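Visitor: Got a structure for you, written out below as structure tokens; questions coming shortly.
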Amino acid sequence: MSTETISAAAAGSWRLGDLTVNRMGFGAMRLTGSAAFDLGTPSDRERSIAVLRRAVDLGVNHIDTAAFYFSRLRSANELINRALAPYPDDLVIATKVGPGRDPSGEWLPFARPDQLRGQVEENLRQLGRDHLDLVYLRQPGLDSIAEHFGALAELREAGLIRHLGISNIRPGHLAQAQAIAPVVSVQNRYGVGATRSRELLHTCGEQGVAFVPFFAIAGEGRESGASGTDQEEVLAVARAHGATPAQVRLAWTLQQGPHVLAIPGTGNPDHLTENVAAAALRLTDEEMARLDAVSDAG
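Each residue of the sequence shown is one higher than the one before, counting from 1 in full-length UniProt numbering.
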């Protein structure tokens, strides 16, 4: 596919509350190395900074991060701060709280509601901001998220958070949260061959809530779409468009609905350009149906 004019705006935009973002965004997890939780392989600092700046140059104005995205010597939030502060007026930075890691990288118990303020403040310090645009509660399997989400709603009322989202949820959690405060975004796993959240995706669309899939490129095993080894259905569509499997997966994701946002992540400048170029890729109805038929493995 052509990469002559590449812009994240090619897929259109969506409003997160009063904030407008291009539907093609960027996920910061991989900036710190092969994965955010791999303490043995710190990324190249200057290359990561260059990737962030290039993403913004290409029209990305929605970056997804978290304080717990760090590897040995590298913090995603610190890289974002170093690369992009003072931040562009239209840049929306989303982060997540709930999970936490100690300074050595070991996972801590899931945060209690009264610990969420400390996690929010940690993100504020690392990003160098006085408020956060969007904060997700990423829950680990709670029956009710009401107490935790209520704590975040209080921080929103206090001015530390502008908008709230929820992540890794079951359908009933959305109603629990909406009864407490507005939810502008839901972040769940979703991709070709991993569509168990389809009902939730449609519910979000009906309510005007953004749906933001994670692992949209990776597919089952988190590596297939990023490695060039993929299902034959994906490879066939990619060949037809002169595109990569990752680009096809991103295009399929964006065509799930106007409220669906993509946040592919990479520390590789070439992969970044390819990912953003996918904002302009349009698949036919037949191709979408072929990819929809890939068995749900997620």
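Think of the CB as a built atom: it goes at the ideal place given N, C-alpha and C, for glycine as much as any other residue. The model shown is predicted, which means the values in this text are computed figures rather than measured ones.
1) Which whole runs of the alpha helix (DSSP H) in the stretch 75-107 are 4 residues long or more, in chain order?
2) Is there contact here, the stretch 262-281 with the stretch 199-210, by at least three beta-carbon pairs under 8 Å?
3) To the nearest angstrom, how far is the alpha carbon of N188 from that of P86?
4) Taking the alpha-carbon of D285 as reference, which of N168, Q255, I49 has the nearest alpha-carbon?
5) Pull up the distance between the alpha-carbon of E220 and that of T20, whole angstroms please.
6) Let me confirm a value: P103 is counted as buried when at least 16 other C-beta atoms fall within 10 Å, else exposed. Which label applies?
7) Take N61 as the anchor and find which of A28, P109, V97 has the nearest alpha-carbon.
8) If I measure Cβ to Cβ from N22 and keep anything under 6 Å in the same chain, skipping five residues before and after, which residues do I get?
9) Would you mind stating whether Y190 and P171 have Cβ atoms separated by less than 8 Å?
10) Taking DSSP's pairing of strands, which residues face S48 in a bridge?
11) Can you tell me whether DSSP reads D130 as helix, strand or coil?
12) What residue range is occupied by the uninterrupted alpha helix (DSSP H) comprising R30?
13) So G128 packs on N81, CB below 8 Å; how close in whole Å?
14) The alpha helix (DSSP H) spanning H173 covers which residue range?
15) Return the chain-ordered ranges of every alpha helix (DSSP H) run that is complete within the stretch 223-257 and spans a minimum of 4 residues.
16) Assign residue 359 to one of three DSSP states: helix, strand, or coil.
17) Of the choices H163, T273, I263, L52, whose alpha-carbon is the least far from that of V183?
18) Distance check for L84 and R74, CA to CA, integer angstroms please.
19) Leaving out the 5 sequence neighbours to the left and right, which residues in its chain are closer than 8 Å to I49 when beta-carbon positions are compared?
20) Going by alpha carbons, who is nearest to G40 out of A66, R15, S71, D64?
21) Between D292 and the rest of its own chain, which residues show a CB-CB distance below 7 Å, the 5 nearest in sequence each way excluded?
22) Any idea what DSSP makes of R196, helix, strand or coil?
23) Relative to the alpha-carbon of A67, which residue among A94, D44, R47 has its alpha-carbon at the smallest distance?
24) Grab me the residues of A146's own chain with a C-beta within less than 7 Å of its C-beta, minus the 5 sequence neighbours each way, in chain order.
25) To the nearest whole angstrom, what separates the beta carbons of A262 and A216, a pair I think is in contact under 8 Å?
26) As a quick exercise: from P264, V294, P269, pick the residue whose alpha carbon is nearest that of R196.
27) Indicate whether E233 and R290 have their beta-carbon atoms separated by less than 8 Å.
28) Give me the Cα-Cα distance between I166 and P269, rounded to the nearest whole angstrom.
29) Name the residue from H271, P258, V260 whose alpha carbon lies nearest to the alpha carbon of Q247.
30) Taking DSSP's pairing of strands, which residues face H202 in a bridge?
31) Spatial neighbours of D18 within its chain, please: CB distance less than 6 Å, with the 5 preceding and 5 following residues excluded, ordered by chain position.
Guide: Quick look at the numbers:
1) 76-84
2) no
3) 30 Å
4) Q255
5) Its pLDDT being 46, under 50, E220 is placed unreliably in this model, and the value from its coordinates should be taken loosely. Each residue's Cα considered, the two are about 31 Å apart.
6) exposed
7) A28
8) A8, A9, S13, G59, N61
9) no
10) DSSP, once it has assigned bridges, lists no residue as partnering S48.
11) coil
12) Element bounds for R30: n/a, residue is neither H nor E.
13) 5 Å
14) 171-178
15) 224-227, 232-241, 245-254
16) The first residue shown for the chain is 1 and the last is 298, placing residue 359 beyond what the model contains.
17) H163
18) 16 Å
19) L79, R82, A83
20) S71
21) none
22) coil
23) A94
24) Q176, I180
25) 6 Å
26) V294
27) yes
28) 30 Å
29) H271
30) The partner list for H202 (beta bridge, DSSP) is empty, contrary to what the question assumes.
31) none
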